[in-house]
Amino acid sequence: MNNFNYLRADDTEHAVALIGKETNSRFLAGGTNLIDRWKYNLTHPDTLIDLANIEELHQITETENGGLRLGAMAGNADTAYHPLVKKRYPLLKNTILAGASAQIRNAATNGGNLMQRTRCYYYYDHESPCNKRNPGSGCPATEGHNRLHAVIGHSENCIATHPSDMCIALAALDAVVQVTGAEGNRSIPFTEFHRLPGNNPSKDNTLRPGELITSIDLPAEGFAENYSYLKLRDRNSYAFALVSVATGLRLKDSKIEKANIAVGGIAHKPWRVQEAEDFLKNKRPDRDNFAQAAEIIMDGAEGFEHNAFKIPLTKRAIIRNGMMALNPQETQRPGAGPSR
Amino acid sequence: MKNKNGEIGKAKSRLTALEKVTGSAKYAAEYNVPDLLYGYIVNSSVTKGKITALDETAVRGIPGVVDVLSHNNRPSLPWFDVMYSDMDAPPGSPFKPFYDNEIKYDRQPIALVVADSFETARYAAAQLKVTYETEDFDVDLRKNLDDARDPSKGLATLIKPLPPSPKGDFAKAYGEAAATYDGDFRHGTEHHNPMEMHATTTVYEGEGKLTIYDKTQGTNNSQIYVSNVFGLSYSDVRVLAPYVGGSFGSGLRPQYQLFVCVMAALHLKRNVRVSLDRKQMYTFGHRPQTVMKARFGADAAGKVTAMHHKAVAETSRFEDYNEVVVNWGNILYPAQNTLLEYQLVPLDTYTPIDMRAPGGSTGMHAVETAMDALAYDLKIDPLEFRLRNYAERDVSEDKPFSSKELRECYRQGAEKFGWAERKPEPRSMKRGNRLVGYGMSSGIWDVIALPARAEAIFTKAGKFIVKSAVNDSGQGSYTVMTQIAAEQFGISTEEMTFEYGDSEHPLSPIQGGSYTTGVVGSAVKAACKVLKEELFKKAKRLKNSPFADSEEDAIYFRDGKIYAADDDTVFVNLTDIFQNEKEDKISVTKSNVPNPLKLKQYTRAAHSAAFVEVEVDEQLGTVNVTRAVTAVAAGNIINPKTARSQILGGMVWGISKALREETLTDFKTGRYVNPNLAEYHLPVHADIHDLDVIFVEEKDEIINELGAKGVGEIGLVSMAPAIANAIFHATGRRMTEFPIHFEDLVL
Ligand SMILES: Cc1cc2nc3c(=O)[nH]c(=O)nc-3n(C[C@H](O)[C@H](O)[C@H](O)COP(=O)(O)OP(=O)(O)OC[C@H]3O[C@@H](n4cnc5c(N)ncnc54)[C@H](O)[C@@H]3O)c2cc1C
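Respectively, the protein sequence lines represent chains A and B. Per this note's numbering, the first sequence starts with residue 1, numbered consecutively. Per this note's numbering, the second sequence starts with residue 1001, numbered consecutively.
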């Protein structure tokens, strides 16, 4: 770990100005991902710009259109336990609480959660080639240990996954990411925030250099009646998802009026497929229909030596999670494992 | 009133609990001696080859850097292998850090950067530019099975014997069997992952004298190693390890941080600390990759007649590490036609090292799966099947057991668990979306006898002190030794001082193999006995002694006094003895020397039976161990509380072994890819449900003075196979690869 400068931003404009001025600088939020990667020799910032003092970024407030604005610096735990989140967006609460550990969730922030990087073994080993870390050096994961890796939307350059749980709910909930930068403010629909690796795996998302996330805005609809998060992982807590599914349903006369389904652990970004959701419209919420939706969602999936199991597993998880969403009171537990 | 205190058998909390939970207990990396330098180790980034250049320019230019040590400039060192041998060295040529430019395995230590702070040393280490010439390597066991060969014999194979020779005619018996099982098994690499990472703080005391705080399971072992390698006299090297934050076998041998730390301290004539980080904890010993074959046959009456168990395990190219994998089955089940084989494949890795229940936790998976499969095939209850094959005598060695209460383990364990509720058919028990399975397994672990020494002291001030070099890596040895010593004098543990974890104390073997309580405890007891004789002799000689004509059986010790056995009002205060003494303490040292001729006549083992319930969500491939009972017969249980913790820890480890942990190797790069606690999955609280432990009464007058067999490993041995068998009962699928994952159930 190299020596570095530590600066504090007073407000968002100041933050944007500092990051534009200081070379090789990074925003510091909870530090749970940035400092980790630093200690692993994956990144070596010369300057840190701490966002902790920017009061407005810590707020969680209601928006005019009946939604909720989650400040980028609001903590993951504070967000999950916020009364309005618990009441109106229990899907979000469950995904946050299925991630990391209590200690990490206390330190981690909402903005940082979006920006966390892949847990690919080869990305994490600074001595290994990795197109994400060192463009053009190659991707040993395709031929190496790829159990954690993507089965859909990958490219020959990168088969890494985005590791977040929270982001799976944010994708399913149609959240919007608010950002500000030297060129002003922008709103990015959540599903367009993260990107696929393609020819440029070093870029995880569509944020422009120097841009700051200020908040994540949730629309009014939170699927608080019919929702479910299912996370499949190698141990019952404190492990990243191999496969996870967030489902929100709006039901009317025992038919699906709207279905939002996002899948985690299988791609470089939260995976949502419009055709599958369209297919479910006006259908009965039963196993067969969820199974057909699962086929559509996983269309084109292609596994590797150690992760091909994710394809059938994801389909089953989509079906199960759809059924669990019909009865969240019975099926949703902290930890987001499958219900009995 | 004689046994008022009766410290042996009392459920006592660890005497060091307060220090540990409040952080005042100091570990090897926490001795902040003055003028300390910090070393950070640079590890190779290639798996095999040669270092062609080390460019230290950038490193030496960093303010605070004191020196860079490597094969280029290391002090001269002995050349003979024997000088690098330690008490646990397997046959072969021990790894010599910084010896030359050769790279033998991935992340081999190649240089030490010494600086005035840890952070500077770590940063500078990252700036060292190393150029390599790489060579081809092999780290994949399954691709190199053709290279399998018999292990070399040596000291290690005395304690961990190679398989017995074939018996009867396996092929014929297997061919004629009414039911047969044939299975192939695979276990990946595992690492110990103790909480405390390996570290050494070396205090340079002046001309050739060192005080070393080391993370080790044997202070004498580290002392002997350092003295031999660096040409120091034993009396000039003192090694201390009063607290050890877990080790599970990783501290059985001196690890390379000790070597480089001492080297730097001697070279710079300064105090130096070297601590490994978590990633570096995956750069030395580990549980070896192992593949096994088990072919068992039984007759129609349910007697196992044929047993073939073969294991092929990985070792390094420089040492033949061996463990006992295939010997257990025939000790437990008296088949008359056996073929037991154990071979090694040398690979470009570091030498494996014992990891909790080495060999047993691997081999018993195959044995107990085969037994379970035969029971299902013959439609006999798996527990009943094991009872039909109960060994009253060890047929593999043709010896009686020194004691064996396994039948009682089966009975009490089954009752507590509710085994009778089990429906015989696989897939027949359900709870909501989940299949429920019951599984069981026997467990066995051997009782090792070794010599050890202890000193017992009584002081003029009335203090009792017992000393041994042994240490306590967290399992409670310190507490148990104190109990054993206190019992001898009829005092409480609070009135007894046990001094340990110091190489200057009487010699102790390395702590491990579940033998510490039996071996060192017996030495402690023996020393206390001699001290009692000495004190009694002196009490008799006192003026007007009431015991002048008494024999030893007419008195007893209690609360710092000697009492007449038949009259509480007749006693001598032990401190009165000093009226006639010149010294202000009376001290005796005594060895516990086992009698090999007597011991050899018996098979000596602890036994267990584990009963496990799992819930399997077959659609999603999730497995939960919802409850488990382990019944243990391990002789005399000195402290039921610390013993219970040992068994619980073993059961948790069994869950880990069956369902969680594995070090993943990229066979193309030769590298372990998950060297951290986020990706090396140990169980968390949410994985652990209802666990119960039973200690079955067992008397053993053969094994040692205390009749104690040790409980460090037996809890692990039976747990993992019982989980695999429970999954079979739930799903009808045999689990032959550990750890069991989603892909084993959903595909
Ligand atoms: C052991 C471990 C296990 C974990 N398990 C899980 C898990 O199971 N599921 C899961 O979802 N997560 C898991 N996490 C990840 C955790 O959720 C993230 O580390 C955390 O959310 C990151 O937030 P932070 O505030 O600490 O970010 P930081 O580390 O402070 O920042 C991360 C990155 O985001 C940038 N950044 C931060 N804020 C902003 C902003 N407002 N605008 C622009 N850029 C910004 C920083 O510059 C940095 O590059 C785990 C982490 C660890 C260490």
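We treat Cβ as the ideally placed atom computed from N, Cα and C, and that holds for glycine.
Close beta carbons around residue i, own chain, < 6 Å, minus the five adjacent residues each side
i	result
B/Ala1631	Cys1409, Gln1412, Gly1413, Ala1609, Ile1694 and Val1696
A/Gly30	Ala107, Ala108, Thr109 and Gly112
B/Lys1463	none
A/Gly322	Thr247 and Phe290
Contacts that residue i makes with chain A (C-beta to C-beta distance below 7 Å)
i	result
B/Gly1621	Leu313
B/His1681	Asp234, Arg235 and Ala239
B/Phe1742	Leu232, Leu242, Phe309 and Leu313
B/Asn1674	Tyr121
B/Ala1686	Asn236, Ser237 and Gly335
B/Ala1126	Asn41
Beta bridge counterpart(s) of residue i as assigned by DSSP
i	result
B/Gly1092	B/Glu1319
B/Tyr1563	B/Tyr1556 and B/Phe1571
B/Ala1609	B/Ser1442 and B/Ala1631
B/Asn1043	B/Pro1109
B/Arg1287	B/Glu1190
A/Val176	A/Pro189 and A/Asp217
B/Asp1394	B/Lys1399
Endpoints, the beta strand (DSSP E) within which residue i is located
i	result
B/Asp1182	Ala1179 to His1187
B/Leu1339	Asn1337 to Leu1347
B/Asn1433	Here B/Asn1433 belongs to no beta strand (DSSP E), and DSSP marks it neither H nor E.
B/Thr1589	Lys1585 to Asn1592
A/Ala262	Lys255 to Gly264
B/Val1066	Val1065 to Ser1070
B/Ala1456	Ala1452 to Thr1459
B/Asn1271	Asn1271 to Ser1275
B/Val1130	Lys1129 to Thr1134
B/Asp1744	From DSSP, B/Asp1744 is part of no beta strand (DSSP E) but of the alpha helix (DSSP H) over Phe1742 to Val1746.
Cross-chain neighbours of residue i in chain B, by beta carbon under 9 Å
i	result
A/Asn146	Here the premise fails: no neighbours, minimum Cβ distance about 10 Å.
A/Arg340	Arg1431, Gly1432, Asn1433, Arg1434, Glu1615 and Asp1617
A/Arg8	Chain B residues near A/Arg8: none, gap ~22 Å exceeds 9 Å.
Chain-ordered neighbours of residue i on chain B, where CB pairs are closer than 8 Å
i	result
A/Gly337	Thr1622
A/Leu1	The sequence given here places Met at residue 1 of chain A; Leu does not occur at that position. Going along chain B in sequence order, the residues near A/Met1 (Cβ under 8 Å) are Glu1119, Arg1122 and Tyr1123.
A/Pro140	Asp1666, Lys1668 and Thr1669
Proximal residues of chain A, C-beta to C-beta of residue i below 8 Å
i	result
B/Val1746	Phe309, Pro312, Leu313 and Arg316
B/Arg1660	Asp234 and Arg235
Cβ-based neighbour list, residue i, same chain, cut-off 7 Å, excluding 5 preceding and 5 following
i	result
A/Thr63	Arg69 and Asp217
B/Arg1138	It is Asp, not Arg, that sits at residue 1138 of chain B in the sequence shown. So the qualifying residues of the chain are Asn1144, Leu1347 and Asp1348.
B/Thr1305	Ala1173, Ala1177, Gly1297, Ala1298, Asp1299, Ala1335, Gln1336 and Asn1337
A/Gly20	Ala182 and Gly210
B/Met1001	Note that B/Met1001 scores 44 on pLDDT, short of 50, meaning its location in the model is unreliable and no value can be drawn from it.
B/Ala1121	Tyr1038, Gly1039, Tyr1040, Val1113, Val1114 and Ala1115
B/Tyr1282	His1191, Thr1663, Tyr1672 and Pro1675
B/Phe1284	Gln1255, Tyr1256 and Tyr1350
A/Gly138	Pro129 and Asn131
Range covered by the alpha helix (DSSP H) that runs through residue i
i	result
A/Lys310	Lys310 to Ala325
B/Asn1330	Trp1328 to Leu1332
B/Ala1414	Leu1406 to Phe1417
B/Lys1020	Ala1017 to Thr1022
A/Gly248	Run containing A/Gly248: none in the alpha helix (DSSP H); it sits in the beta strand (DSSP E), Val243 to Lys252.
Cβ shell of residue i (< 8 Å), same chain only, five flanking positions each side left out
i	result
A/Gly198	Ser155 and Asn157
9 Å Cβ cut-off: residues of chain A touching residue i
i	result
B/Glu1247	A quick correction: the sequence has Ser, not Glu, at residue 1247 of chain B. Under the 9 Å cutoff, chain A gives no residues; its nearest Cβ is about 23 Å from B/Ser1247.
Chain D contact for residue i (CB, 8 Å cutoff)
i	result
B/Ser1045	No chain D appears in the structure shown, which is made up of the protein chains A and B.
Partners in chain B for residue i, counting only beta-carbon separations shorter than 7 Å
i	result
A/Arg320	Gln1619 and Leu1620
A/Glu127	Ser1045
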